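Here the structure comes first, spelled out in structure tokens, and everything after it is commentary.
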Amino acid sequence: MSTPSDDLRLADIESEQEYVSMLYGRLDDLRELSSKRLAGSLRETGGTHQMRSERDTSVAMYSDQLAQYSAVENGLCFGRLDFHTDDRFYIGRIGLFDEDKEYEPLLMDWRAPAARPFYLATAAAPDGVRRRRHLRTKQRRVVGFDDEVLDINSVDPSRHTEGLTGEATLLAAVNASRTGQMGDIVATIQAEQDRIIRTELNGVVVVQGGPGTGKTAVALHRAAYLLYTHRRQLAKRGVLVVGPNSTFLRYIGQVLPSLGETGVLLSTVGELFPGLTAVGREPAATAALKGRVEMADVVAHAIKDRQEAPALVEVPFEQDVLRLDRRAITAARGRARRTRKPHNEARRAFAREIISTLASQAVGRLGRHLLDQADIDDIRRELREDAEVRAAIDRLWPTLTPQKLLEDLYSSPKRLAKATPRLSADERALLVRPRGAAWTPADVPLLDEAAELLGEDDTEAKARAERQRRQAIDYAQGVLDILDLEDDADPDILMATDLVDAYRLAERHGAERYETAAERAAADRTWTFGHVIVDEAQELSPMAWRTLMRRCPSKSMTVVGDIAQTGDIAGASSWHEVLSPYVMDRWKLTELTVNYRTPSEIMAVAADVLASVDPELVPPTSVRDSGVEPWSARVPAVAEALPALVTAEVSAIGDGKLAVIVPVERVAALRSVVPGASDDLDAQVVVLGVADAKGLEFDSVLVVDPAGILAESPRGASDLYVALTRATQRLGVVHEDDLPAVLSRLKSG
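Note that UniProt numbering numbers the sequence shown so that position 520 is 520, with each residue one more than the last.
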């Protein structure tokens, strides 16, 4: 039998359902309107260049609107604020307005200033709020709500969760089964997170936080907030989000679209060089060497080494042989270098000097007094076009791509020795590899450095484009000539040639396609972003930071990470070390101290490992207990025992996700013995190395061979700390040898 309070709650749910249904009706109207306008724009063809540009802009705008309306379908409205003034605001993923009532807000965008009390108001500082309501919805249906009455007398000081906003909603979210994709936290943002999200655009903001503190979620919500508050500025330049690996990017891929933002470029460092995805593997020591900042000098030396000055170069020309001695070549090289242009662009100055030297020889042998200026100009032109002369210039100052430069360097011990005078023989040996080897993520910053120093000689590209343009115009003229063949045509009837000339016809039918800022940025190495977000930033090498800083000259960045979790040998040991070369001390450190993901039982085990990394490091405070103690199991052979252990864990977590985290050298072998295991986060069971597990979370985690993880890297303790803190509910440790001392707190299973 229902009670009066149950009846009141049902009535409230019905009332909220009526309002939410109205909001979805408004969303449907906007979706239909944008769809009709998009269809109308797509039907428009032809017109002037400006008209086609405006059409493409309209198509892009309406397409973006449709994508946004689809992305916010789930959880459109998630909250309500009731004020003492009797005002009431509904809070949601986007803003919706009543056009018939002077655009009165129906739904407040969570990023709007007026929505901020939803995240910050407390009983002690209610900011005019009488009640905060968290709505729970499933698709378009309201299934429940949680109310917070902001009355100072209602606060129980004995509760360890004091200060949490929407505690019931928050704990329900963190206790829910994982799905293989990161969810947004827009309905449960906490005060310390909100303050970071809404930090101003300019400058570098460092978000330091331990496992489970929501660093990644804060960074992504900050991207959405900045796009909302600085739309005009950032829509043009774009926002770049850099993650540690492609698995991580797939994991976070739906967060920004769910917040209504679809134009952000997500990339790993290995994908920042257009046309190349670096997925090759190499020893950790090689990657660490390539990540050192001294490698910038190595690249510069390698380029200078290609600007050769041999003792003598003989150049056949017509019936004669012209000669270039070292003095002439060195003079031409010096003139080219003094232009301070990149290598490929300075090549033009070098070629001019060489042609001038050769022309002087040729003129001298023919007799200058017998030649006029026109004859001398002809000789210069013939030299420029002569294949032997061009081959000589290519030998002395070749046009280089970044890929060719590094391939030639890596495959030649002689070139390596000349470019790396400060490296030891053992270090040089780490860089040697055959031609055709796959590019690795550590190569990308070097390729980027090379591209910056090489530049691009676009002389031939411009000539090719001009030839194609002329061909298009000639073809268009041919079409017009055919249409105008009729001699007896009525002079009062307009012909094609009366309306358009060949140039305009060719231009009209040129291939054009509108691209978003993110699409253009992905294809353009020189693109500079309005803001850059770097997640797991502690893993980046100094050379990778040079690449990222080049992408954002304004130094407007959000840097997210945890120094205690640094696993890469080339990674950072302090934020000052990372940032001071670029912004000195002009960066702001913010910290997240509350662990929402990892239960206290698991965090107690991880804290012992953290103390072995650095006794002064303090783990984040967990807000909840799971009631399940972490355990360890010693087995004779992991490969034989693991299938049964996995089966038991899957049974315990129901439809949740399980990660088996192992030393990287054992990933392939152990993945093959676990039924249904994959590296795809859509699978219920994944087997991963620590590097691929960074930033991810799972309902249950089995850490296999912890001693192997510790021994795998000089920063093995940091890797073990990462592995232990991926779980939201359950943790088991499986080992063949003695359990490492730092895990002595574990209960034997």
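Ideal placement from N, C-alpha and C gives every residue a C-beta, glycine not left out. This structure is a prediction, so every number in the text was calculated from the model and none was measured.
DSSP has F89 in a bridge; who is on the other side? L81
Give me the residue from D680, A717, G183, L256 with the minimum Cα distance to I246. First, the residue type needs correcting, since residue 246 is Ser and not Ile in the sequence shown. Of the candidates D680, A717, G183, L256, the one whose C-alpha sits nearest the C-alpha of S246 is D680.
Can you give the beta carbon distance from A693 to A659, rounded, assuming they're within the 8 angstroms contact cut? 6 angstroms
Using CA atoms only, rank isn't needed, just tell me which of L107, V650, A564 is closest to L619. The displayed chain sequence assigns Pro, not Leu, to residue 619. Of the candidates L107, V650, A564, the one whose C-alpha sits nearest the C-alpha of P619 is A564.
Excluding five sequence neighbours on each side, which residues of the same chain lie with their C-beta closer than 8 angstroms to the C-beta of P413? If we look at P413 and ignore the five residues flanking it on each side, its Cβ neighbours are R428, V432.
Beta-ladder partner(s) of V313, from DSSP: Beta-bridge pairing links V313 to L324.
Pull up the distance between the alpha-carbon of L696 and that of D719, whole angstroms please. 14 angstroms
Quick check on the DSSP output: the beta strand (DSSP E) that includes R140 runs from which residue to which? Here R140 belongs to no beta strand (DSSP E), and DSSP marks it neither H nor E.
Less than 8 angstroms between C-beta atoms, sequence neighbours within five positions excluded: which residues of the same chain meet that for S21? R140
N-terminal and C-terminal residue of the alpha helix (DSSP H) that Y551 is part of: The residue asked about is misnamed: residue 551 is Arg in this sequence, not Tyr. It spans 542 to 551 - the alpha helix (DSSP H) in which R551 sits, taken as one unbroken run.
Sort V662, D100, T45, A67 by Cα distance to I94 and report the nearest one. A67
Cut-off 6 angstroms between Cβ atoms - residues of its own chain near G270, not counting five sequence neighbours on either side: A278, P441, V444
Pick out whichever of G571, L670, T590, V662 has its Cα sitting closest to the Cα of R715. G571
Three-state secondary structure (DSSP) at Q208? strand
Given a cut-off of 8 angstroms, decide if R131 and L150 are closer than it, judged by their beta-carbon atoms. yes
Other residues of its chain near R380: CB distance less than 7 angstroms, five sequence neighbours each side excluded: I355, A359
At 3 residues or longer, and completely inside the stretch 389 to 460: list those beta strand (DSSP E) runs for me, N to C. Runs of the beta strand (DSSP E) inside the stretch 389 to 460: none found.
Going along the chain, which residues of its own chain have a beta-carbon closer than 6 angstroms to the beta-carbon of F89, five neighbours each way excluded? L81, M108
C-alpha distance - A296 paired with E382, whole-angstrom precision: 39 angstroms
I'd like the list of long-range same chain contacts for I709, defined as Cβ closer than 7 angstroms, with 5 residues on each side in sequence excluded. These residues qualify, in order along the chain: P663, V690, G716, D719, L720, A723.
With H, G and I counted as helix, E and B as strand and the rest as coil, what does DSSP make of Q565? helix
Using a Cβ-Cβ cut-off of 7 angstroms (strictly less than) and excluding sequence neighbours within five positions of S267, which residues of its own chain qualify? L240, V242
Unbroken beta strand (DSSP E) run spanning V587, endpoints: Note on residue identity: the sequence assigns Trp, not Val, to residue 587. Counting along the chain, the beta strand (DSSP E) containing W587 begins and ends at 587 to 592.
Own chain partners of V155 with C-beta closer than 6 angstroms, once the 5 adjacent residues on each side are dropped: With a pLDDT of only 46 at V155, under 50, the local geometry of the prediction cannot be trusted, and the value read off the model is given with reservation. Only A123 meet the Cβ criterion.
What is the DSSP secondary structure of S554, counted as helix, strand or coil? coil
Go ahead and label M543 buried or exposed: buried means 16 or more other beta carbons lie within 10 angstroms of its beta carbon, across all protein chains shown. buried
For Y251, is the classification buried or exposed, using 16 other Cβ atoms within 10 angstroms of its Cβ as the cut-off for buried? buried
In this structure, how does DSSP classify D524 when only helix, strand and coil are distinguished? coil
Report the rounded CA-to-CA distance for R730 versus L27, giving the unit in angstroms. 40 angstroms
Using CA atoms only, rank isn't needed, just tell me which of A522, A523, C552 is closest to V534. C552
Cut-off 6 angstroms between Cβ atoms - residues of its own chain near L529, not counting five sequence neighbours on either side: Reading off the sequence, residue 529 comes out as Phe, not Leu. Excluding positions up to five away in sequence, the list reads R237, G238, L240, R551, C552.
When the Cα atoms are used, what is the spatial distance from S5 to A187? Between the C-alpha atoms of S5 and A187 there is a straight-line separation of about 25 angstroms.
Look up F698 in the DSSP assignment and give the residues it is bridged to. A727
Would you call K588 buried or exposed, if buried means 16 or more other Cβ atoms sit within 10 Å of its Cβ? Around the beta carbon of K588, a 10 Å sphere encloses fewer than 16 other beta carbons of the protein chains shown; the residue is thus reported as exposed.
Below 6 angstroms CB to CB, which residues in the same chain sit around E261 once its five sequence neighbours on both sides are set aside? Residues of the same chain with a CB within less than 6 angstroms of the CB of E261, apart from the 5 flanking positions on each side, are A224, L227 in chain order.
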